[in-house]
Amino acid sequence: GENVEQHPSTLSVQEGDSAVIKCTYSDSASNYFPWYKQELGKGPQLIIDIRSNVGEKKDQRIAVTLNKTAKHFSLHITETQPEDSAVYFCAPSSPGYSSASKIIFGSGTRLSIRP
Amino acid sequence: NAGVTQTPKFQVLKTGQSMTLQCAQDMNHNSMYWYRQDPGMGLRLIYYSASEGTTDKGEVPNGYNVSRLNKREFSLRLESAAPSQTSVYFCASSASGGQPQHFGDGTRLSIL
Chain A
29 GENVEQHPST
39 LSVQEGDSAV
49 IKCTYSDSAS
59 NYFPWYKQEL
69 GKGPQLIIDI
79 RSNVGEKKDQ
89 RIAVTLNKTA
99 KHFSLHITET
109 QPEDSAVYFC
119 APSSPGYSSA
129 SKIIFGSGTR
139 LSIRP
Chain B
3 NAGVTQTPKF
13 QVLKTGQSMT
23 LQCAQDMNHN
33 SMYWYRQDPG
43 MGLRLIYYSA
53 SEGTTDKGEV
63 PNGYNVSRLN
73 KREFSLRLES
83 AAPSQTSVYF
93 CASSASGGQP
103 QHFGDGTRLS
113 IL
């Protein structure tokens, strides 16, 4: 089955600096690569995603890069702000009727922004 | 626009009691999911329903049953609750597999 590893597990950065979180997966059939943000007491919320025919996608201060050959994708947050403090999860998957059984979430990265 | 609604938000049970967690979505999504989240372990898939009328096991199905009541509703049942099932339970939906998932705010369940 799919093996998903997310690093680092915790990350503390100075406000205004950049943060990078990496997700490594094992299933070569994966072609959908989302990042979710979970704030305290809430459910995860999609913040950015990418599909395998694209190498990079950017949305204001956040970006996702994909290296399909090496089977990893990364979340980049620039000019970090206090509201970026949260837990971030990756969840690579593939399409198809039974694809849900292959959805494995990373163990999460707790990002803290220091003022 | 409510999105995904879970009830109840909190529940305390005694070992051996039964309980049904409710989930409803108003986005006309085909697929629905139940996850549990334990500290430091991310989210683990319990059961999912790829479309109305179908359900399948995920990574950790033991001790749970599900019902896809209609396209909107997907319930999770604990027949005989055990302390190991103390967790936060999240319901999610998506248009189909390989699409963004929309999550509810969770049910915090404690079993004594």
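First to last, the protein sequences are chains A and B.
Residue 129 in the working numbering sits at position 101 of the first sequence, and the numbers go up by one each step.
Residue 7 in the working numbering sits at position 5 of the second sequence, and the numbers go up by one each step.
A virtual CB, placed ideally from N, CA and C, is assigned to each residue, including glycine.
- Residue state for Ser86/B is assigned as helix, using DSSP reduced to three classes.
- Between the alpha carbons of Glu30/A and Val115/A lies a gap of roughly 22 angstroms.
- Listed by position along chain B, the residues whose Cβ is nearer than 8 angstroms to that of Leu74/A are Pro102, Gln103 and His104.
- Taking the C-beta atoms as reference points, Gly100/B is found nearer than 7 angstroms to Ser121/A.
- For Thr88/B, same chain residues with a beta-carbon under 8 angstroms away, outside a window of 5 residues either side, are Leu111, Ser112 and Ile113 in chain order.
- A direct Cα-Cα distance of roughly 16 angstroms separates Ala94/B from Asn67/B.
- When secondary structure is reduced to three states using DSSP, Asp112/A falls in the helix class.
- In the three-state reduction of the DSSP assignment, Tyr35/B falls in the strand class, which pools E and B.
- If you compare the alpha carbons of Val48/A, Thr52/A, Tyr60/A and Ser140/A with that of Pro110/A, the shortest gap goes to Ser140/A.
- Here Ile48/B is actually not in contact with Leu23/B; their C-beta atoms are around 10 angstroms apart, not less than 8 angstroms.
- With the criterion set as a beta carbon lying under 9 angstroms from some beta carbon of chain A, the members of the segment 54 to 72 of chain B are Thr56, Asp58, Lys59, Gly60 and Glu61, in sequence order.
- Asn30/B and Val6/B have their alpha carbons spaced roughly 11 angstroms apart.
- For Lys86/A, the uninterrupted beta strand (DSSP E) segment begins and ends at Glu84 to Asp87.
- Residues are counted here when their Cβ sits less than 7 angstroms from a Cβ of chain B; for the segment 75 to 104 of chain A these are Asp77, given in chain order.
- Taking a Cβ-Cβ cut-off of 7 angstroms, the neighbours of Phe92/B in chain A comprise Gly71, given in sequence order.
- Within chain B, not a single residue places a beta-carbon under 7 angstroms from that of Pro120/A; the smallest gap is close to 10 angstroms.
- It is roughly 7 angstroms from the alpha-carbon of Gln13/B to the alpha-carbon of Thr109/B.
- Here the alpha carbon of Gln66/A sits roughly 30 angstroms from the alpha carbon of Gln19/B.
- Excluding sequence positions up to five before and after Glu33/A, its CB lies within less than 6 angstroms of the CB of Thr52, all in the same chain and listed in chain order.
- At a cut-off of 7 angstroms between beta carbons, Ser58/A makes no contact with chain B.
- Residue environment analysis places Leu71/B among the exposed positions, since fewer than 16 neighbouring C-beta atoms fall within 10 angstroms of its C-beta.
- A straight line joining the alpha-carbon of Glu84/A with that of Pro85/B spans about 44 angstroms.
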